[in-house]
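Undergrad: Below are the structure tokens for one structure; questions will follow.
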Amino acid sequence: MRIAIFFLLVIAISSCKKDDVQTPESTPTPPGEIFPNFVNSDPKSEFFIEAEYNGKKICLSTQNSSIDTFSNVYYYYPATGQDQLNLIRENKERSAQMQIYIGQSMMLFTKLPYSVPNDHLVFCEFTQFQFYDEGSRHGTENGPNDNYTYQASTNTGMKMTVTSFVDNILEGSFEGTLRTNTGRTMEVKNGSFRIRLYIKTGDY
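Per my numbering, the very first residue in the sequence shown carries number 4; after that it's consecutive.
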């Protein structure tokens, strides 16, 4: 009898209509809080990196310090094969930063305009772009969960042209698509730069 009553209770409980579980709806992020919409552009100064990022025009004119050779330097040392240009700027409020690294360009001797990609690339000749959401910059950079580094090279979706290199001042343009490791994308249009470089050759 006890067994029969037990099974009847199980049947009764299982046959009761269960209330639907309500999953709370996620609230969309307001457009103004999505990077780079909230980034404040610097006034355009003598030296800068500027572009439209997902439709938002941003000028980055601030250096990391008053004398910052790493952010504005051309390392050229043929004896070791080193040939790298660093162009780095951020905005004054430090919410965004762009880093451009030009490799194996032989810029001191190259006829301009110089464009990458091109049909005659040498080994390791490319330009790397890294656009940072500085407010979200934490965890392991370039790890699988890195959602703040928008990056690509001229081998993977970016284009760059250097138009002038006079009195150590490098000028040019760039465009293309940057991506984070989590799949976020950044369309870059009408990019331009003008940076005075420190030239480092030989032993330093």
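The beta carbon of each residue, even a glycine, is placed where N, CA and C say it ideally should be. From a predicted model like this one, the values you see are computed outputs, not experimental measurements.
In whole angstroms, what is the alpha-carbon distance linking N193 and S176?
TA: Looking up residue 193 in the sequence shown gives position 190. Looking up residue 176 in the sequence shown gives position 173. Going by the C-alpha atoms only, they are around 7 Å apart.
Undergrad: If you draw a straight line from the C-alpha of P120 to the C-alpha of Y135, how long is it?
TA: For this step, residue 120 is matched to residue 117 along the sequence shown. For this step, residue 135 is matched to residue 132 along the sequence shown. The straight-line gap from Cα to Cα measures roughly 23 Å.
Undergrad: Assuming F129 contacts T157 (C-beta within less than 8 Å), just tell me the rounded distance between them.
TA: For the purposes of this step, residue 129 is taken as residue 126 along the sequence shown, with counting starting at 1. For the purposes of this step, residue 157 is taken as residue 154 along the sequence shown, with counting starting at 1. Contact flag correct, Cβ pair sits at about 5 Å.
Undergrad: Excluding five sequence neighbours on each side, which residues of the same chain lie with their C-beta closer than 7 Å to the C-beta of A155?
TA: If you number the sequence shown from 1, residue 155 lands on position 152. Closer than 7 Å at the Cβ level, and outside the excluded window around A155, lie F132, M161, G179, T180, L181, R182.
Undergrad: Following the continuous beta strand (DSSP E) through R92, name the residue where it begins and the one where it ends.
TA: As a first step, residue 92 must be located in the sequence shown, where it is residue number 89. Its beta strand (DSSP E) spans residues 85–93.
Undergrad: Tell me whether Q100 is buried or exposed, calling it buried when 16 or more other Cβ atoms sit within 10 Å of its Cβ.
TA: Counted from its first residue, the sequence shown places residue 100 at position 97. Label assigned to Q100: buried.
Undergrad: What residue ranges within the region 102–158 form continuous beta strand (DSSP E) runs of no fewer than 3 residues, ordered along the chain?
TA: 117–119, 129–136, 152–156
Undergrad: Rank I198, N171, I202, G205 by C-alpha distance to the C-alpha of E53 and give the top, closest one.
TA: Counted from its first residue, the sequence shown places residue 53 at position 50. Residue I198 holds the alpha-carbon nearest to the alpha-carbon of E53 among I198, N171, I202, G205.
Undergrad: Which residues mark the beginning and the end of the beta strand (DSSP E) in which T164 is found?
TA: Against the sequence shown, residue 164 aligns to sequence position 161. Per DSSP, T164 belongs to the beta strand (DSSP E) from 161–169.
Undergrad: Is DSSP giving E178 helix, strand or coil here?
TA: Your numbering for residue 178 matches position 175 in the sequence shown. Reduced to three states, the DSSP call for E178 is strand.
Undergrad: Buried or exposed: P39, going by 16 or more other Cβ atoms within 10 Å of its Cβ?
TA: By one-based count along the sequence shown, residue 39 stands at place 36. That one is buried.
Undergrad: K114 to P33, Cα distance in whole Å?
TA: As a working note, residue 114 is residue 111 in the sequence shown. As a working note, residue 33 is residue 30 in the sequence shown. For K114 and P33, the distance between alpha carbons rounds to 47 Å.
Undergrad: Say whether the region 87–106 touches the region 59–79, bearing in mind that this needs 3 or more beta-carbon pairs closer than 8 Å, one atom from each stretch.
TA: yes
Undergrad: R199 bridges to which residues according to DSSP?
TA: In the sequence shown, residue 199 corresponds to position 196, counting from 1. Per DSSP, I172.
Undergrad: By the 10 Å Cβ neighbour count, where 16 or more other Cβ atoms means buried, how is N43 classified, buried or exposed?
TA: For the purposes of this step, residue 43 is taken as the residue at position 40 of the sequence shown. Per the 10 Å Cβ criterion, exposed.
Undergrad: Look up G194 in the DSSP assignment and say whether it is helix, strand or coil.
TA: Locating residue 194 in the sequence shown gives position 191, counting from the first residue. Of the three classes helix, strand and coil, the one that applies to G194 here is strand, per DSSP.
Undergrad: Using the three-state DSSP reduction, which class does E55 fall into: helix, strand or coil?
TA: Sequence index remark: in the sequence shown, residue 55 carries index 52 (1-based). Correct three-state label for E55: strand.
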